[in-house]
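In this text, residue positions in the sequence shown follow this note's numbering: the first is 1181, and each later residue adds one. Beta carbons are placed, not taken as given, at the ideal position from N, Cα and C, and that holds for glycine. Owing to the predicted nature of the structure, the values given are computational and were not obtained by experimental measurement.
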Amino acid sequence: MMVFVDTSIWIEFFKGKDAGLVDRLNTLLDRNEVALAVPIWLELLCGAPQKSKKLFREILSALPIFYTSEDTWDRAAEWVEEASKKGERFSAIDLLIASFAYEQDASVWSLDNDFKRMEKLNFISTFTFLH
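Structure, rendered in structure tokens:
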């Protein structure tokens, strides 16, 4: 199963302080189950220290990167309306990441609770890692 790994997980991974998270992400990477949405790729490059940008690009280039299509945007826009009717709001970036996951029948792994809320609306499924 493919997993879109959100920026929050990558940040913790690169910090290396949570051994369980690092091990689990390494396992997913070894199994070629990690996908990268282009907004996450860009967020990681924007946040990387200048001295690490080249290394980040090399690491991330080994992953399948997914780009937006018209359908990706249309689905995200539909979800804006659907969520609004239920009193929910999400960032555009998170909606795009969720839309990528939906298109690929994948889950999202994030420390951001917005994705759990999207799961409750049946937009996506989330990947759960238990320590």
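Quick check on this structure: which residue in the options has the alpha carbon closest to the alpha carbon of residue i?
i: A1217; options: L1291, T1306 and Q1284; result: Q1284
i: L1301; options: C1226, A1263, A1228 and S1279; result: A1263
i: S1290; options: F1280, F1307 and Y1282; result: F1307
i: R1297; options: A1286, R1269, S1279 and L1235; result: R1269
i: V1214; options: L1201, L1222, M1181 and A1257; result: M1181
i: F1303; options: W1259, A1272 and D1203; result: W1259
i: L1243; options: G1267, Q1230 and L1205; result: L1205
i: Y1282; options: K1265, T1248, G1267 and E1261; result: T1248
i: D1254; options: V1183, D1198, G1227 and F1280; result: F1280
i: V1223; options: S1232, N1293, D1186 and E1261; result: Note on identity: in this sequence residue 1223 is Glu, with Val being the wrong assignment. Checked all of S1232, N1293, D1186 and E1261; the closest Cα to E1223 is D1186.
i: L1208; options: F1295, E1299 and A1286; result: A1286
i: I1245; options: I1220, G1227 and P1229; result: I1220
I'd like to confirm the pairing. Which residues does DSSP put opposite residue i in its beta bridges?
i: V1288; result: F1184 and T1306
i: F1246; result: A1217
Note the first and the last residue of the continuous alpha helix (DSSP H) segment covering residue i.
i: T1252; result: E1250 to K1265
i: F1270; result: Unbroken run through F1270: none, as it is neither H nor E.
i: K1234; result: K1233 to S1241
Measure how close the beta-carbons of residue i and residue j come, nearest whole angstrom, since I'm counting them as under 8 Å.
i: K1276; j: T1252; result: Note on identity: in this sequence residue 1276 is Leu, with Lys being the wrong assignment. So it is a contact: roughly 6 Å between Cβ atoms.
At what residue ranges does the region 1183-1223 contain a whole run of the beta strand (DSSP E), taking only runs of 3 or more?
-> 1183-1185 and 1214-1217
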